[in-house]
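What follows is a single structure, written as structure tokens, with notes after it.
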Amino acid sequence: MGERFVVVPVDRGVGVAAEGVHWDAVVADPAPDTISSSSSGGIVEEKEAGDDSVFEPQDPNAVAVPILEYNREPNKYGDGVPKENSPFINNTDIDKGNSYDGTNMALFEEEMESNPMVSSLLNKLANYTNLTQGAQEHEEADDDEGPKKKAVKSPQMGTFMGVYLPCLQNILGVILFLRLTWIVGTAGILESLASVVLCCSCTMLTAISMSAIATNGVVPAGGSYYMISRSLGPEFGGAVGLCFYLGTTFAGSMYILGTIEILLTYIVPQAAIFVAEKKEDEVNALLNNMRVYGTCCLALMSLVVFVGVKYVNKLALVFLACVILSILSIYAGVIKTIFEPPDFPVCMLGNRTLQNTNFDSCLKTDFVNNMTVTTKLWGLFCDGRDLNATCNEYFVNNNVTLVQGIPGLKSGVISENMWSTYGPLGMLVENKELSSLEATDNSQDVYLPYVFNDISTFFTLLVGIYFPSVTGIMAGSNRSGDLRDAQKSIPIGTILAIATTSFIYVTCVVLFGASIEGVLLRDKFGDSVKRNLVIGTLSWPSPWVIVIGSFFSCCGAGLQSLTGAPRLLQAIARDGIVPFLQVFGHGKANGEPTWALVLTAGICEIGILIASLDAVAPILSMFFLMCYLFVNLACALQTLLRTPNWRPRFQYYHWALSFLGMSLCLALMFICSWYYAIVAMAIASCIYKYIEYRGAEKEWGDGIRGLSLNAARYALIRLEEAPPHTKNWRPQVLVLLNVDSDQGVKHPRLLSLTTQLKAGKGLTIVGNVLEGTYLTKDTESKKAELNIKSAMSAERTKGFCHVVVSSNLRDGVSHLIQSAGLGGMKHNTILMAWPGTWRQSNDPQSWKNFIETVRESTATQHALLVAKNVDSFPTNQDRLGEGTIDVWWVVHDGGLLMLLPFLLRQHKVWRKCKMRIFTVAQMDDNSIQMKKDLQMFLYHLRLDAEVEVVEMHDNDISAFTYEKTLVMEQRSQMLKQMQLSRTEREREAQLIHDRNTASHATINDKAEGGLDRVHMTWTKEKLFTERNRNRECNSNVVVRDLFNMKPEWESLNQSNVRRMHTAVKLNEMVVNKSQGAHLVLLNMPGPPSNRGGDENYMEFLEVLLEGLNRVLLVRGGGREVITIYS
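For the sequence shown, the working numbering gives the first residue as 640, with consecutive numbering after it.
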């Protein structure tokens, strides 16, 4: 790293530090895992395995340096975050044990309990180790027989051995040896170069993005999965990680199929179990052989991986040597063709290519012992070996010629191979340069020894088959724990490996096209050259160099896939983001992913059963392309979001390059196979949604969360520009929720009502106020917030929780109303429960807080919803049957009264309820015309509701109303006498309550006299009407003389009398019409401007709501919320 931190030594007290300890400098480079002794001669011992990583020196004078442990294996309990003893804050208890006891830094001694000294921090960083917990450690655990583990060597691999060669080995492989010559012959040199450039550009751009991500901090084991999940979040990470896992697994299938193809076609063709008796059955026989031998090979490889990956690791260099030697032999063979082209003649009949596996000489007849005799070739096209036998028409019309299969670089064959030769299944491989006489009947050609196309060929198919040959660029990042300097080695090694392989592919395309005859290039299996591997015919010194090299190369690549894929699945399972995969996080005692290996082998067998290399290659192309797409997306997002933690050491990246790479990956997906692309994207989408709804919640500081924050900020700024239009208005609810003494939610049905009202749309803020100071109530505050969030989850209320600690409840509620929300996303509606026990409360502050909240909602122009008997409201699981939601529209409040039933009926709880609207007409109103106008108004509002106009006559004020008013004022006067003791106040309240009960049964008579517009009348019939309406008859009450009450009536506040009269009459009508309704919505009258009448206001509301079960009092916010316009 080249950095050197100079630490100023601090006197730690006499006799504390050893004389020989030097505090001159601490180097920030990672130190080896072995702990050297200090200069004072203290010997440091390594603690036993399983102990926390603090190494204690035997010398009591030596300074103990805690070692930072970094567990790179994800937590088996599904945490997914690598565990470390952080060198920055929140040290472990062991670190706290090394307390500071000096005097020079006494000012900071309290902070040192959680924040380490700089010297301690640098010591930890200097001793930081970054060891992968992969196959090597597992095997060492197997070999560990002593009581102590042997010391793990520190990572020493450089760029060449750690990144370059592994990437080279993974990129070069089966497609190069088995299909590249066929691709060049079919697509032509130009289109083959286009495919190579397209695919290599995709991987190069992906490597640039990957280098930026890999150098932005430590990349533990998991490679691309870790990078994507920590950059794009658990949903994208899990989806793409599983796609990458499937791609790696199908790559194993492809390599195994390549191994078997080489074995049965070029090494021991006589080992085939299924042998075709007819030529047309050869393809099916080959596929069945591939299935049988492929399954056996898969079982053998799985057994090798299960027994011990150390054998795979030891053979890795052998497999790599085979790849390099094979490529060198190709270049040597090309050079040799300049001077001495190899002799691989191709037999042509007319312009058609012949399979020369069943005949020796390319002749129709031969002259032997002065006699003309027929050859084996004659017997293949004629019904006998006689000269007068009946032969195939095309065979008779055309001559047999020999064409040199490898004419060499100087031959000029490059011009013939420049263009493509695509064709359907069964098309003959022909040389258009040769003359030919076509036959009239070609129906028998399929049974003759011609070389055919075994599949239909077109450009996009060849791209899909070729793309797997450029995958494998993640090999370096997957080994980051074994590198001496991963942030330097990964970019350089990966980009150099891609550049090298791109050069190899480009030169091979050109050299193949310039050296090999076109018909031989299009001969996929080398049937025209006695079943020799086509690329082997070009190699030097022998075709067997390529055959053996490619065989071992495919074996090694298959083993590497079966080793890497289970570990990738294990990393995903241990992250805990996909619940049903957790079983695959377990393994052997040393951590080997046994169950993951079983699943990998099962999926790999699916690819084996497909049995065709050309059919499997596009499948894994899809999964790898999707992985590369999201690597580019991750880099682009992080770059554009400019998150503070985005500081890659690799500087040669740009968001435009990442977007170009992402677009190229997406284009290649649909170029290779549009239906495979759709299937792969559907699989990833399903996994994404599954993790979103069922997976564990993770906070990894991912880019998607940063994107959401930026999008939210942009939207909030836009919303701040202007208030929402009436058409966009929806209730953004602030729910004022109360908790009990244990911070449990008191009225969870408020949350149910919120969910039903909003159906998941709009903003919901659930607020709560705790009385006290935050320093003393922080624990209760966090507990209350946790309980509220739990209740919100149970009631399916989507929103935010906000717990405020204030010196008094009133101020806390005021702060919530004023400050909840942010920018344009602020609440416009307040929902609260009716204080049902306000009369029984000894503290008048409870109902005063309620009234002040009503006043404040009016002042801040917030709509207010007050639910009476909220605990009787339906839950989200209830389904109300046929019934009504009754709206009593007394005064216009902006249309909120009519909008709320519509919103409620969108929820399945209220869906079967019908809406009824009642409006009140005065004596001078035309009720019939009012009903027609209201029906037309609802029609324009597109609301389906029944309409009824209720006439409210200007009746005389009843004696019951006067009595109610009198009791209310007397009680109010009593509570104003603050000098009364609590005992006296309770006694007086009981007396008033008894008087109130008795008044319900008092016999009244007609009152004489009256004030302006007030007529006191009484009849016997009205007496019984009042008694029946209130249902509070008491046969034992004392009959009072009404005439003695008259002076008290006359002294009443006539404003209160009129208000009580309205409450009584309106309540009578509502109970008469809507007592059986599922819900009653009613205009909420405002509190009096004079605060002296606050308790009277509560009495008015109590009378108004008497006899009703579910009531929602509604008070508009001072603006129109519903419109007739579109």
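For glycine and all other residues, C-beta sits at the position ideal for the given N, C-alpha and C.
_So, for Gly1534: in the same chain, excluding its five sequence neighbours on each side, which residues have a beta-carbon less than 7 Å away from its beta-carbon?_
Cβ neighbours of Gly1534 beyond the five flanking positions: Glu1759, Val1760, Ile1761.
Q) Which term fits Ala938, buried or exposed, when burial requires 16 or more other beta carbons within 10 angstroms of its beta carbon? A) exposed
Buried or exposed: where does Glu684 fall if 16 or more other Cβ atoms within 10 Å of its Cβ makes it buried?
Because Glu684 carries a pLDDT of 38, less than 50, the predicted location of this residue cannot be relied on, and no value is offered for it.
| request: With distances taken Cα to Cα, identify the nearest neighbour of Val1709 among Gly1725, Leu1743, Tyr1736, Asn1038. | output: Ranked by Cα distance from Val1709, the first of Gly1725, Leu1743, Tyr1736, Asn1038 is Leu1743.
* Do you know whose CA, among Ile1216, Ser1082, Ser1432, lies nearest Glu874's CA? -> The candidate whose alpha carbon is nearest that of Glu874 is Ile1216.
Would you list the one or two residues that DSSP bridges to Val1042?
Val985
*Since Asn1722 and Val1530 are thought to touch, with beta carbons under 8 Å apart, how far apart are those beta carbons, to the nearest angstrom?*
5 Å
Which residues in the same chain as Thr1011 place their Cβ atom closer than 6 Å to its Cβ, once the five residues preceding and following it in sequence are excluded?
Thr1004
Q) Can you round the beta-carbon distance between Asn1056 and Gly827 to whole angstroms, since I take them to be within the 8 Å contact cut? A) 6 Å
task: With DSSP collapsed to three states, give me the class of Ser1297.
output: helix
Note down, in chain order, each residue of its chain lying with its Cβ closer than 7 Å to the Cβ of Asn1748, except the 5 sequence neighbours on either side. Asn1508, Ser1511
Do His1717 and Ile1524 count as a contact pair if the criterion is CB distance below 9 Å? yes
Own chain, CB closer than 8 Å to Phe945, minus 5 neighbours either side, in chain order
For Phe945, same chain residues with a beta-carbon under 8 Å away, outside a window of 5 residues either side, are Glu1231, Thr1233, Leu1236 in chain order.
Coil, strand or helix - His1441 by DSSP: strand
Does DSSP classify Leu1073 as helix, strand or coil?
coil
Sequence ranges, alpha helix (DSSP H) only - wholly within the region 1247 to 1276, length at least 4: none
- Query: Among residues of its own chain, excluding the 5 on either side of Tyr1086, which ones have a beta-carbon nearer than 8 Å to its beta-carbon?
  - Reply: Lys917, Lys918, Glu919
What would DSSP say about Tyr1089, mapped onto helix, strand or coil? strand
*Name the DSSP beta bridge partners of Cys1552, please?*
Gly1522
Distance, Cα to Cα, Pro1726 vs Asn1735? 9 Å
Next item on the list: Let me know if His1364 comes out buried or exposed under the rule of 16 or more other beta-carbons within 10 Å of its beta-carbon.
Entry: exposed
- Going by beta carbon distance, what residues of the same chain come within less than 8 Å of Arg1544, once the five residues before and after it are set aside? Ile1524, Arg1550, Cys1552, Met1554
Quick one: measure Cβ to Cβ for Leu1150 and Leu844, integer angstroms, because I've assumed they're closer than 8 Å.
-> Distance from Leu1150 to Leu844 at the Cβ level is roughly 26 Å; contact not present, criterion being Cβ atoms closer than 8 Å.
### Query
Taking Asp1572 as the reference, which of Gln1561, Val1588, Ala1498 has the closest Cα?
Val1588
- Go ahead and pull the three-state DSSP assignment for Thr1014. If DSSP states are grouped into helix, strand and coil, Thr1014 belongs with coil.
Review point. Is there contact here, the region 1282 to 1297 with the region 1251 to 1259, by at least three beta-carbon pairs under 8 Å?
Key: The region 1282 to 1297, when compared against the region 1251 to 1259, does not touch it at the 8 Å Cβ threshold.
Neighbourhood of Asn928 by C-beta distance below 7 Å, restricted to the same chain and skipping five residues each side | Leu903, Ala911, Ile912, Phe913
Worksheet entry | Where the beta strand (DSSP E) containing Asn1407 begins and where it ends | 1403 to 1410
- Task: Using DSSP bridges, identify the partner residues of Trp1528.
- Result: Thr1558
Alpha carbon to alpha carbon, how far is Phe1541 from Met1308? 46 Å
* Straight-line gap, Asn1349 to Ala1138 (C-alpha atoms, nearest Å) -> 37 Å
| query | When you compare only the Cα positions, how much space is there between Gln1618 and Leu1425? | reply | In this prediction, Gln1618 has a pLDDT of 39, which is less than 50 and means its spatial position is unreliable; what the coordinates show is noted afterwards. Taking the straight line from one Cα to the other gives about 42 Å.
- Using a threshold of 9 Å, state whether the C-beta atoms of Leu1208 and Thr1239 are closer than that. yes
- request: Under 8 Å by Cβ, that's how I've got Ile1211 and Leu881 pegged, so tell me the actual separation to the nearest angstrom.
  value: 7 Å
* Along the alpha helix (DSSP H) that carries Met849, what are the first and last residues, could you check? => Annotation for Met849: the continuous alpha helix (DSSP H) segment containing it runs 819 to 853.
Counting Cβ pairs, one atom from each stretch, are 3 or more of them under 8 Å apart for the region 973 to 986 and the region 1035 to 1047? yes
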